[in-house]
Amino acid sequence: MIKLGTIGTNWITQQFVEAVKLSKSYDLTSVYSRHEDTAKTFAGKNGATEIFTDLNAFFDDGVFDTVYIASPNSLHFEQAKLAILHGKNVIVEKPAFTNQKQMAQIQEMLADHPDVLYFEAARNIHTPNFHAIEAQLADLDTVQGAEFTYSKYSSRYDQVLAGKEPNVFSLKYAGGALQDLGVYTVYDAVALFGMPQEVAYFPQLIRTGVDGKGTAILSYPEYSVTLNFSKVSNSHMTSEIYGLKDLISIDDAGELRSVTYVDEDNNKQVIANTIDENPMLPEAEDFARVINDPTAKQNHEDYENWRQLSMYVNKLMFNLRQDAHLYFVGEEA
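Numbering (my numbering), first residue to last: 3 to 335.
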């Protein structure tokens, strides 16, 4: 049984904890929060045996071997470093890190600590529906690009409109649409098509200085892929991968709830509509499979593929921000 510690007590941490319980491969032992009351409430609700309000004590004394990090984006890097130095496996919410220097340092530390495993929790690429998309894409005779859309109005934007600055809309905490919903579309594109040759990003900035929504164009040798995402508006636009006369239609690029293949005669075949009891269950199961047996051939191959994909996504996300001259607090312009 994997002993799990958590950093963060928000809704996404709760969903992950519920997913690991469903997997029956983890035991939540340790909870860290800056606030004791919050830590006690979260631990009591989920059956954790110990709480911490000091991060160093959490890593020094916590009885866990794997940590799930779901703090604000700007905190991921330092917390992941602490985890690696303490020999803890790292599962960090996407986007794992904000720039290539951070990613490179983490990879160097992993090389120095070969028994530590690192995972970026990009749940969409672990789902059965995503694997169905991969299989159908491989069967297309011709690929002519794609459009991926994931837009959901954030309740936190109400706070922005009220004059506040929540973490997800703050440059200080590496917030914004690209860093939140946009990363799902970036993962879709890179996992399915690889790294583009050129990129361009056209953000719509809001009062706090972050991108509330945006459109990214990824250029490949024979086609382009367009990414649309927003945290300040809703969209019900489907995502599509274009063949010659056929296409793959996806309900949206983040949830991947339903996938349909449309042939040249407009015949429609639903190829995936698997709805997991918890959308984070597939990734929790994948991570557990590798943690429990990292040297098995398939597990090792999957792990290296996920790690490489995480590095590619990090590079692409950084390049998109550079193109748009979008910098977080503490970064050089």
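We put the beta carbon where it would ideally sit given N, CA and C, even for glycine. Because the structure is a prediction, the values reported are computed rather than measured.
Boundaries (first-last residue) of the beta strand (DSSP E) holding residue i
{"i": "Ile-71", "result": "68–71"}
{"i": "Leu-2", "result": "In the structure as shown, the chain starts at 3 and stops at 335, and residue 2 therefore has no counterpart that could be examined."}
{"i": "Ile-208", "result": "Segment: none, Ile-208 is in no beta strand (DSSP E) and carries neither H nor E."}
{"i": "Thr-8", "result": "4–9"}
{"i": "Ser-32", "result": "28–34"}
{"i": "Val-192", "result": "Not the beta strand (DSSP E): Val-192 falls in the alpha helix (DSSP H), residues 185–195."}
{"i": "Thr-262", "result": "261–264"}
{"i": "Leu-249", "result": "249–252"}
{"i": "Lys-270", "result": "270–274"}
{"i": "Ser-153", "result": "148–153"}
{"i": "Ala-123", "result": "120–123"}
{"i": "Val-94", "result": "91–95"}
{"i": "Glu-242", "result": "241–244"}
{"i": "Glu-52", "result": "52–54"}
beta-carbon residue i near the ligand MN non-hydrogen atom, thresh 7 Å
{"i": "Ile-14", "result": "The ligand MN is absent from the structure shown, which contains no ligands of any kind."}
Residue i versus residue j: straight-line alpha-carbon distance, rounded
{"i": "Gly-332", "j": "Lys-174", "result": "8 Å"}
{"i": "Met-3", "j": "Phe-18", "result": "16 Å"}
{"i": "Asp-160", "j": "Asp-63", "result": "39 Å"}
{"i": "Asp-291", "j": "Tyr-28", "result": "Contrary to the premise, residue 291 reads as Arg rather than Asp in this sequence. Those two C-alpha atoms are separated by around 11 Å."}
{"i": "Thr-40", "j": "Tyr-34", "result": "9 Å"}
{"i": "Ile-14", "j": "Tyr-225", "result": "35 Å"}
{"i": "Gln-104", "j": "Val-272", "result": "41 Å"}
{"i": "Thr-51", "j": "Lys-5", "result": "11 Å"}
{"i": "Ala-106", "j": "Leu-84", "result": "16 Å"}
{"i": "Ser-241", "j": "Lys-23", "result": "32 Å"}
{"i": "Phe-312", "j": "Gly-49", "result": "Rather than Phe, the amino acid found at residue 312 in this sequence is Ser. If you take the alpha carbons of Ser-312 and Gly-49, they lie about 31 Å apart."}
{"i": "Val-185", "j": "Tyr-314", "result": "12 Å"}
{"i": "Val-201", "j": "Val-227", "result": "10 Å"}
{"i": "Leu-328", "j": "Gly-211", "result": "9 Å"}
{"i": "Met-197", "j": "Lys-247", "result": "25 Å"}
{"i": "Glu-149", "j": "Phe-60", "result": "43 Å"}
{"i": "Lys-299", "j": "Thr-55", "result": "39 Å"}
{"i": "Ser-172", "j": "Ile-208", "result": "10 Å"}
{"i": "Ala-45", "j": "Ile-53", "result": "7 Å"}
{"i": "Glu-167", "j": "Gln-324", "result": "23 Å"}
{"i": "Glu-136", "j": "Ala-72", "result": "28 Å"}
{"i": "His-88", "j": "Asn-275", "result": "41 Å"}
{"i": "Asn-307", "j": "Asn-301", "result": "10 Å"}
{"i": "Phe-320", "j": "Ala-286", "result": "27 Å"}
{"i": "Glu-266", "j": "Asp-141", "result": "14 Å"}
{"i": "Leu-194", "j": "Thr-297", "result": "26 Å"}
{"i": "Leu-77", "j": "Gly-10", "result": "11 Å"}
Supposed contact pair residue j and residue i - C-beta distance, whole angstroms, cut 8 Å
{"i": "Ala-134", "j": "Val-264", "result": "Going by Cβ atoms, the distance from Ala-134 to Val-264 rounds to 14 Å, so no, they are not a contact pair."}
{"i": "Trp-67", "j": "Asn-126", "result": "For clarity, residue 67 is Asp in the given sequence; the question names Trp instead. Going by Cβ atoms, the distance from Asp-67 to Asn-126 rounds to 26 Å, so no, they are not a contact pair."}
{"i": "Ile-243", "j": "Leu-139", "result": "6 Å"}
{"i": "Leu-112", "j": "Ile-86", "result": "7 Å"}
{"i": "Gln-102", "j": "Asn-316", "result": "6 Å"}
{"i": "Val-65", "j": "Lys-90", "result": "So it is not a contact: roughly 11 Å between Cβ atoms."}
{"i": "Val-403", "j": "Leu-229", "result": "Because the chain here runs from 3 to 335, residue 403 falls outside it and cannot be looked at."}
Element boundaries [alpha helix (DSSP H), containing residue i]
{"i": "Lys-103", "result": "102–114"}
{"i": "Glu-285", "result": "283–294"}
{"i": "Phe-330", "result": "Here Phe-330 belongs to no alpha helix (DSSP H), and DSSP marks it neither H nor E."}
{"i": "Leu-229", "result": "No alpha helix (DSSP H) holds Leu-229; the beta strand (DSSP E) holding it covers 226–232."}
{"i": "Gln-138", "result": "130–141"}
{"i": "Phe-79", "result": "78–87"}
{"i": "Ile-14", "result": "13–25"}
{"i": "Asn-58", "result": "57–63"}
{"i": "Leu-163", "result": "158–163"}
{"i": "Lys-166", "result": "Lys-166 -> no alpha helix (DSSP H), and no H or E assigned at all."}
{"i": "Glu-38", "result": "38–48"}
Residue i vs residue j beta-carbon contact at 8 Å
{"i": "Tyr-305", "j": "Phe-231", "result": "no"}
{"i": "Gly-214", "j": "Val-192", "result": "no"}
{"i": "Pro-130", "j": "Pro-281", "result": "no"}
{"i": "Leu-322", "j": "Leu-180", "result": "yes"}
{"i": "Phe-99", "j": "Phe-121", "result": "no"}
{"i": "Gly-7", "j": "Ser-32", "result": "yes"}
{"i": "Asn-75", "j": "Tyr-155", "result": "no"}
{"i": "Asn-169", "j": "Gly-178", "result": "no"}
{"i": "Leu-249", "j": "Phe-132", "result": "no"}
{"i": "Pro-223", "j": "Gln-206", "result": "no"}
Are the stretch 141–151 and the stretch 116–123 in contact at 8 Å, needing three or more beta carbon pairs? no
Taking 8 Å as the threshold, find out whether the stretch 91–100 comes into contact with the stretch 248–259 through three or more Cβ pairs. no
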